[in-house]
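**Student:**
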Amino acid sequence: MGKISSTLVGLLMVLAVGTASAGFTDANLAGNWACQMQGGFVAQASSQALMQIHGDGAGNIVSPNVGHPGVFQVSIGEFGTNQVPNPSSNVPAFYFQASAESCQYQISTSSGSTYVVNKDGTGTLTLNWSPKSGNPGAFVNCTTNIATHFNILLGSATSFSLMSSDLLGNSCNGSDYSTCGSSFVGTCTLQ
């Protein structure tokens, strides 16, 4: 009985080590993912976003069906009251957070949206978005195609973390994604 138990324990250890050393692959991102993010969008701090994407398991983000493309909805935040802080007085300025506008995008039909998952669970995600009709063009211009880029970290088979890798440019004019980018962080969950 002792020899069978030690053989079984040894076999289980080999299987466990073999599974752990196999690591992550692009196949780990297959399926529908729902993501919730916070950060900045087009230099507007305190923005929030919801995103839904579908990975094909082979490194491509695709529409799971024609009527349901991936979506990216951003609620753009702002602060304000037109009060200016005065360091020489003890009276603080009052600021509040508000949602300035909402922008909605869908995965571009000529997508080219891709991802790479490394063996250690790190990777990248590139998403090409087309604006939905009715997006606003002022305060923040949400009427042009955008590409968002993220660094990702898989934590399990059912979730991953992501962080924008679009650096805010020095030429950011405060209203255009092509010069401003985003600075989101968040979590995605397999649906």
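Counting from 1331, one number per residue, gives the positions in the sequence shown under the numbering used here.
Where a beta carbon is used, it is the ideal one built from N, C-alpha and C, also for glycine.
These figures come from a predicted structure and were not determined experimentally.
Under the DSSP definition of a beta bridge, which residues are partnered with V1372?
**Tutor:** Taking the sequence shown and counting its residues from 1, one reaches residue 1372 at position 42. BP columns for V1372 are empty, so no partner.
**Student:** Which residue marks the beginning of the alpha helix (DSSP H) containing T1444, and which one marks its end?
**Tutor:** In the sequence shown, residue 1444 corresponds to position 114, counting from 1. No alpha helix (DSSP H) holds T1444; the beta strand (DSSP E) holding it covers 1444 to 1447.
**Student:** Considering only the beta carbon of each residue, do D1386 and V1447 sit closer than 8 Å?
**Tutor:** Here the question's residue 1386 lines up with position 56 in the sequence shown. Here the question's residue 1447 lines up with position 117 in the sequence shown. At the C-beta level, D1386 and V1447 stay beyond 8 Å of one another.
**Student:** Could you check whether S1494 and S1512 sit closer than 8 Å to each other, using their CB atoms as the reference points?
**Tutor:** For this step, residue 1512 is matched to residue 182 along the sequence shown. For this step, residue 1494 is matched to residue 164 along the sequence shown. Contact: yes.
**Student:** Determine the closest residue to N1481 out of V1470, T1456, T1488, A1487, with distance taken between C-alpha atoms.
**Tutor:** Looking up residue 1481 in the sequence shown gives position 151. The shortest Cα separation from N1481 among V1470, T1456, T1488, A1487 belongs to T1456.
**Student:** For M1381, which residues from the same chain have a beta carbon less than 6 Å from its beta carbon, with the 5 sequence-adjacent residues on both sides left out?
**Tutor:** Within the sequence shown, residue 1381 is the residue found at index 51, counting from 1. Only C1365, F1402 meet the Cβ criterion.
**Student:** How many Å lie between G1467 and T1474 at the Cα?
**Tutor:** Reading the sequence shown from its first residue, position 137 is the one you call residue 1467. Reading the sequence shown from its first residue, position 144 is the one you call residue 1474. Going by the C-alpha atoms only, they are around 9 Å apart.
**Student:** On the criterion of 16 or more Cβ atoms from any shown chain inside 10 Å, does V1344 qualify as buried, or is it exposed?
**Tutor:** Looking up residue 1344 in the sequence shown gives position 14. Because the pLDDT of V1344 is 37, which lies under 50, any placement of that residue in the model is unreliable, and the number read from its coordinates should be weighed accordingly. It counts as exposed.
**Student:** Take the Cβ of Q1521 as the centre, count every other Cβ of all protein chains shown within 10 Å, and call the residue buried at 16 or more, exposed below.
**Tutor:** For this step, residue 1521 is matched to residue 191 along the sequence shown. Flag for Q1521 reads exposed.
**Student:** Mapping DSSP to helix, strand and coil, what is C1510?
**Tutor:** Translated into the one-based positions of the sequence shown, residue 1510 becomes position 180. C1510 falls in the helix class under three-state DSSP.
**Student:** At what residues does the beta strand (DSSP E) containing G1516 begin and finish?
**Tutor:** Here residue 1516 is taken as the residue at index 186 of the sequence shown, counted from 1. Looking at the DSSP string, the run of the beta strand (DSSP E) that includes G1516 is 1515 to 1520.
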